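Novice: Input: one structure, supplied below.
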Amino acid sequence: MSTKSTALYATPTNLDHPEDMSSGLCASLLHHGIERGITSKELPEQYLRVSVRPFNVDTDVSTLYKWMSQEYGGPLLHRAQPPSEMDELYASMIESDISQPFMGLINDVPICQIDVYKTQQDAISLYYNAKPGDYGIKIELAPLVLQQNIILLLQTCLEYFFSFPEVGRIVADIDMRNDSNEHMFKKAGFRNTTSIQGPYKVSSLYICTRNSFRQAVR
5 MSTKSTALYA
15 TPTNLDHPED
25 MSSGLCASLL
35 HHGIERGITS
45 KELPEQYLRV
55 SVRPFNVDTD
65 VSTLYKWMSQ
75 EYGGPLLHRA
85 QPPSEMDELY
95 ASMIESDISQ
105 PFMGLINDVP
115 ICQIDVYKTQ
125 QDAISLYYNA
135 KPGDYGIKIE
145 LAPLVLQQNI
155 ILLLQTCLEY
165 FFSFPEVGRI
175 VADIDMRNDS
185 NEHMFKKAGF
195 RNTTSIQGPY
205 KVSSLYICTR
215 NSFRQAVR
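Just so we're aligned, residue 5 is where the sequence shown starts under the numbering used here, counting upward by one.
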């Protein structure tokens, strides 16, 4: 499956972006319908519908918890229900204008959870020269998801994010041991800029600009 699908990127204006979702990428989503998608695209030749919608605390926390339990195991497996802190965390994100959570879907089935945030107001700004217009992205994957589908979703997210004029660059902090994630982000237009030593891991800092994104999906 090609990551440079002309059906997905030849005519960006064809993406379905509800115009009344918010006035900014990280604006609070409380006043909007949480079940309404923010962007979607049909790929009939691949029998795929790629879509992104706002995170729904009532239903998505349990889905995300199941993914994390399967991936990390350990103490999480001893809990039948997500800890209340997860509900509180995502509810506070939805209320904020600093970060926002979303769900990525293929054929209306959630396969990843996406957070976007302003890096100047996040701890990552301690490790690189964060600029106005820098927005970070974090992705949590469902178990056994196809890498190619994640690349399509990541590219769809970036096209939506860059539709906001205040967005200058998208930043990803990727564990240097995770070759799979590095491959996916490179395919979406991210470029490795430096290594950073965080409190728990050594990461590669990847940055995507409008230009590198266009080159990746050309």
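Glycine included, each C-beta is placed from N, C-alpha and C at the ideal position. This structure is a prediction, so every number in the text was calculated from the model and none was measured.
Are the CB atoms of I174 and I143 within a distance shorter than 9 Å?
Specialist: Their beta carbons are not under 9 Å apart, which means I143 does not touch I174 by this criterion.
Novice: If you drop the 5 nearest sequence neighbours on each side, which residues of the same chain put their C-beta closer than 7 Å to that of G77?
Specialist: Residue confidence is low: G77 scores 49 on pLDDT, short of 50, so the model does not pin down where it sits. No coordinate-derived value is stated.
Novice: Is there contact between the stretch 145–158 and the stretch 181–189, where contact requires at least three CB pairs shorter than 8 Å?
Specialist: With the cut-off at 8 Å, the stretch 145–158 and the stretch 181–189 touch.
Novice: What residue range does the alpha helix (DSSP H) around V221 cover?
Specialist: Here the alpha helix (DSSP H) through V221 covers R214 to V221.
Novice: So T224 is in the alpha helix (DSSP H); what residue range does that whole segment cover?
Specialist: Missing from the structure shown is residue 224; the chain here goes from 5 to 222 and no further.
Novice: Would you mind working out which of Y210, V206 and V61 sits nearest G193, comparing C-alpha positions?
Specialist: For the residues Y210, V206 and V61, the minimum Cα distance to G193 belongs to Y210.
Novice: State the Cα-Cα distance for the pair G28 and F106, rounded to the nearest angstrom.
Specialist: If I take the Cα positions, the gap works out to 14 Å.
Novice: If you draw a straight line from the C-alpha of I178 to the C-alpha of E49, how long is it?
Specialist: Straight-line Cα distance between these residues: approximately 32 Å.
Novice: Below 8 Å, can you find three or more Cβ-Cβ pairs linking the stretch 127–134 to the stretch 108–119?
Specialist: With the cut-off at 8 Å, the stretch 127–134 and the stretch 108–119 do not touch.
Novice: Out of curiosity, what's the CA-to-CA distance linking D224 and F217?
Specialist: Lying before the first or after the last residue shown, residue 224 is absent from the chain, which here runs from 5 to 222.
Novice: Grab the span of the alpha helix (DSSP H) containing L29 for me, first residue to last.
Specialist: Segment: none, L29 is in no alpha helix (DSSP H) and carries neither H nor E.
Novice: So, helix, strand or coil for V206, using DSSP?
Specialist: Of the three classes helix, strand and coil, the one that applies to V206 here is strand, per DSSP.
Novice: For N153, count neighbouring Cβ atoms within 10 angstroms of its own Cβ and tell me buried if that reaches 16, exposed if not.
Specialist: Burial call: buried.
Novice: Taking the alpha-carbon positions, what's the M72 to P87 distance?
Specialist: Cα to Cα, M72 sits roughly 12 Å from P87.
Novice: Please go through the same chain and pick out, in chain order, the residues whose beta-carbon is closer than 8 Å to the beta-carbon of F168, but skip the five residues on each side of it.
Specialist: Cβ within range, chain order: G28 and L29.
Novice: How long is the line joining the alpha carbons of L52 and E46, rounded to whole angstroms?
Specialist: Whole-angstrom Cα-Cα distance: 6 Å.
Novice: For E170, which of helix, strand or coil comes out of DSSP?
Specialist: Here E170 sits in coil by DSSP.
Novice: Closest to Y94 by CA distance: which of P58, K70, Q125 and A127 is it?
Specialist: It is P58.
Novice: Please classify I211: does DSSP put it in a helix, a strand, or coil?
Specialist: Correct three-state label for I211: strand.
Novice: Which class does Y94 belong to by DSSP, given the choice of helix, strand or coil?
Specialist: Helix.
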